[in-house]
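Heads up, the working numbering is the position in the sequence shown plus 1, with the first residue counted as 1.
C-beta atoms are modelled at their ideal positions from N, C-alpha and C, and glycine is treated no differently.
Keep in mind it's a predicted model, so treat the numbers as computed, not measured.
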Amino acid sequence: MEPEPLQDPAGIGGGRAGGRKRRAPSHEARGGPASGARRGKKPDARGARSRRRGGSLGEPVCGTQVRGSPASGARLAKAAGAEGRSWGASPPRSKDGAPPRERAPAGSSPVPANGGGGPVGARREARPGGPRAPGSVPFSVRAESPFAREVRGGGTVNCSPAAGAMATLSENVLFGMGNPLLDICAVVDKDFLDKYGLKPNDQILAEEKHKELFEELVKKFKVEYHAGGSTQNSVKVAQWMIQFPYKAATFFGCIGTDKFGEILKRKTEEAHVDAHYYEQSEEPTGTCAACITSDNRSLIANLAAANCYKKEKHLDVEKNWKLVEKAKVYYIAGFFLTVSPESIMKVATQASANNKIFTLNLSAPFISQFYKDQLMEVMPYVDILFGNETEAASFAREQGFETEDIEEIARKTQALKKANPKRPRVVVITQGKDDTVMATENEVRTFPVLISDQSEIIDTNGAGDAFVGGFLSQLVYERPLTECIRAGHYAASVIIKRSGCTFPEKPDFK
Numbered sequence: 002m003e004p005e006p007l008q009d010p011a012g013i014g015g016g017r018a019g020g021r022k023r024r025a026p027s028h029e030a031r032g033g034p035a036s037g038a039r040r041g042k043k044p045d046a047r048g049a050r051s052r053r054r055g056g057s058l059g060e061p062v063c064g065t066q067v068r069g070s071p072a073s074g075a076r077l078a079k080a081a082g083a084e085g086r087s088w089g090a091s092p093p094r095s096k097d098g099a100p101p102r103e104r105a106p107a108g109s110s111p112v113p114a115n116g117g118g119g120p121v122g123a124r125r126e127a128r129p130g131g132p133r134a135p136g137s138v139p140f141s142v143r144a145e146s147p148f149a150r151e152v153r154g155g156g157t158v159n160c161s162p163a164a165g166a167m168a169t170l171s172e173n174v175l176f177g178m179g180n181p182l183l184d185i186c187a188v189v190d191k192d193f194l195d196k197y198g199l200k201p202n203d204q205i206l207a208e209e210k211h212k213e214l215f216e217e218l219v220k221k222f223k224v225e226y227h228a229g230g231s232t233q234n235s236v237k238v239a240q241w242m243i244q245f246p247y248k249a250a251t252f253f254g255c256i257g258t259d260k261f262g263e264i265l266k267r268k269t270e271e272a273h274v275d276a277h278y279y280e281q282s283e284e285p286t287g288t289c290a291a292c293i294t295s296d297n298r299s300l301i302a303n304l305a306a307a308n309c310y311k312k313e314k315h316l317d318v319e320k321n322w323k324l325v326e327k328a329k330v331y332y333i334a335g336f337f338l339t340v341s342p343e344s345i346m347k348v349a350t351q352a353s354a355n356n357k358i359f360t361l362n363l364s365a366p367f368i369s370q371f372y373k374d375q376l377m378e379v380m381p382y383v384d385i386l387f388g389n390e391t392e393a394a395s396f397a398r399e400q401g402f403e404t405e406d407i408e409e410i411a412r413k414t415q416a417l418k419k420a421n422p423k424r425p426r427v428v429v430i431t432q433g434k435d436d437t438v439m440a441t442e443n444e445v446r447t448f449p450v451l452i453s454d455q456s457e458i459i460d461t462n463g464a465g466d467a468f469v470g471g472f473l474s475q476l477v478y479e480r481p482l483t484e485c486i487r488a489g490h491y492a493a494s495v496i497i498k499r500s501g502c503t504f505p506e507k508p509d510f511k
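Following this line, the structure appears as structure tokens:
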């Protein structure tokens with residue numbers, strides 16, 4: 002959709018998050034009551050409690066496969082975003098449902114092996130290097146928490162509040178910048194599709210012949226509006242997961258001084274996102290029309306004003322820059338590299354200089370291919386990099402990694418030059434129905450994806466944005482990375498059971 006993915010402009014239909022109760026496949030029941038019964042053992046109470054919370058393998062929390070078409074040309078990829086992401090259920094816990102703990106060597110702080118109480122059990126692949134030095138802390142602490150700090154003795158300790166009560170957030174703690182679109186969704190007839198030369202199930206960029214489509218859609222049909230665009234979707238989901246305070250999430254982007262711009266401002270306000278748009282009159286507000294016919298949906302994106310963001314006219318303005326400085330976590334989709342790479346660099350360098358967390362999404366294969374220079378200029382400042390297997394493979398080819406193995410690609414990407422050595426890079430790659438991969442400084446871990454009941458899946462568009470939003474919602478609380486991934490899986494599971502990147506009033510994430 003923006004040059005961001007063409008998410009469903011959303012809002013119609015949608016099953017309730019969670020859906021009906023499902024029985025886990027036999028291989029997922031490890032540590033659950035069923036497995037204990039087969040061995041003649043009584044179920045462990047703590048394990049049952051953990052499963053009720055959705056924290057064990059015994060109960061699928063979510064799962065989907067979101068595969069985008071590998072770019073039928075940069076132009077279509079720019080519209081569709083080649084999103085292709087998918088996420089499944091939460092990482093497994095131990096047999097009794099509680100996170101296992103690893104004993105620290107003599108002289109170190111007795112911290113959990115997972116760095117702060119997050120789910121563990123995902124497969125690990127530690128780098129060579131022999132046993133830990135005396136006085137060090139288990140390497141997984143650094144892997145689990147991006148907020149770990151060094152302690153005397155050469156180890157690290159997780160400073161997150163994960164083991165205690167939820168920390169209080171301030172407003173504007175999360176900052177996002179990208180290409181905002183107003184999603185316009187309506188059920189239309191075949192005549193409308195024929196008039197504008199639309200196919201029942203397609204996604205395209207608007208051309209001259211589609212100029213009047215958006216206004217006619219609003220006049221002839223009952224429409225629903227939603228704030229869209231890849232980064233804006235992620236920020237919106239993060240705010241939904243956070244709930245309070247309102248305006249914990251900030252968003253910058255460009256819109257037009259028109260009716261659709263006013264609607265978009267109202268929709269972001271309803272989502273409790275603190276949106277500060279650069280408003281100009283040369284181009285109309287970017288829109289994405291979703292024309293629904295039966296089970297099909299045709300998406301038409303008009304990027305328009307989304308491509309017109311100006312650093313010197315908005316980001317550099319003192320009152321706006323103060324909001325940037327106020328944040329401690331930053332997220333920008335790679336699509337914005339096609340619009341204002343200088344804005345991305347200003348935010349990224351500010352984050353690095355102040356030891357804050359800057360995150361970026363590869364977004365689409367064409368970003369690595371056609372915006373390689375801009376991408377690699379910002380890469381040293383990226384603390385957490387998101388992408389899917391298609392995007393990762395494209396990035397690897399452009400970097401000459403000479404491997405198609407996703408775990409190795411993640412490892413090599415993690416090891417690229419870093420501007421702020423205090424924050425070793427984390428790489429998160431999703432792979433459709435296959436395991437999600439996370440590479441940290443010392444290890445590569447994989448997180449299994451549990452597939453939801455296919456009958457519950459309504460719309461996979463926006464699942465990728467939702468995963469990032471869920472991840473960021475825990476990152477701002479300084480939660481362990483495994484909790485961030487679990488939240489991302491949860492958010493995606495909610496979105497795929499609804500039309501578009503929409504969600505119920507409150508999350509049920511525990």
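To which residues does DSSP link residue i through a beta bridge?
i	result
G177	F252 and Y332
H227	D184
M439	V429 and R446
N297	T294
Y278	G254
Q204	L300
I407	In DSSP, I407 forms no bridge with anything.
F289	The sequence given here has Cys at residue 289, not Phe. DSSP lists D184 and A302 as partners of C289.
Let me know if residue i comes out buried or exposed under the rule of 16 or more other beta-carbons within 10 Å of its beta-carbon.
i	result
N173	buried
A168	exposed
Q455	exposed
P366	buried
D509	exposed
E208	exposed
P422	exposed
D190	exposed
N462	buried
F245	exposed
D466	buried
S171	exposed
K314	exposed
G401	exposed
K268	buried
N1	Since the first residue of the chain shown is 2 and the last is 511, residue 1 is not available in this structure.
E479	buried
Short of 7 Å in beta carbon distance, which residues of its chain neighbour residue i, apart from the five on each side in sequence? Order them along the chain.
i	result
A306	C255, I256, G257, Q281, E284, P285, T286 and G287
F472	C485, I486, A488 and G489
Q475	E484, C485 and A488
I407	E390, A393, I430, Q432 and V438
E399	S369, Q370 and K373
Between residue i and residue j, how many whole angstroms is the CB-CB distance? I'm expecting something under 8 Å.
i	j	result
L265	P181	6 Å
T459	S500	Before going on, a small fix: residue 459 reads as Ile here, not Thr. Confirmed, about 6 Å.
V224	A187	4 Å
R426	V383	6 Å
N234	C502	5 Å
G229	I333	G229 to I333, Cβ: 16 Å. No contact.
L194	S299	6 Å
F387	T360	7 Å
What would DSSP say about residue i, mapped onto helix, strand or coil?
i	result
R499	coil
S234	Note that residue 234 is Asn in the sequence shown, not Ser. Helix.
T391	helix
R446	strand
Q375	helix
N356	coil
E213	coil
A80	Note that A80 has pLDDT 43, beneath the 50 cutoff, so the model's placement of it is unreliable and no number is given.
L170	coil
L386	strand
A105	Below a pLDDT of 50, predicted positions are generally treated as unreliable, and A105, at 39, falls in that range; no measurement from the model is reported.
L361	strand
C485	helix
N321	helix
N504	The question names Asn, but residue 504 in the sequence shown is Phe. Coil at F504, not helix or strand.
F402	coil
R412	helix
Go through its chain and collect everything with a Cβ distance to residue i's Cβ below 8 Å, but skip five positions before and after it.
i	result
E343	K312
E378	P342 and M346
I358	P147, K329, V330, Y331, A352, D384, I385, R424 and L476
Residues in its own chain within less than 6 Å of residue i by CB, not counting five upstream and five downstream?
i	result
A440	A411, R412, Q415 and V428
F504	W241 and V495
Q375	L338 and P342
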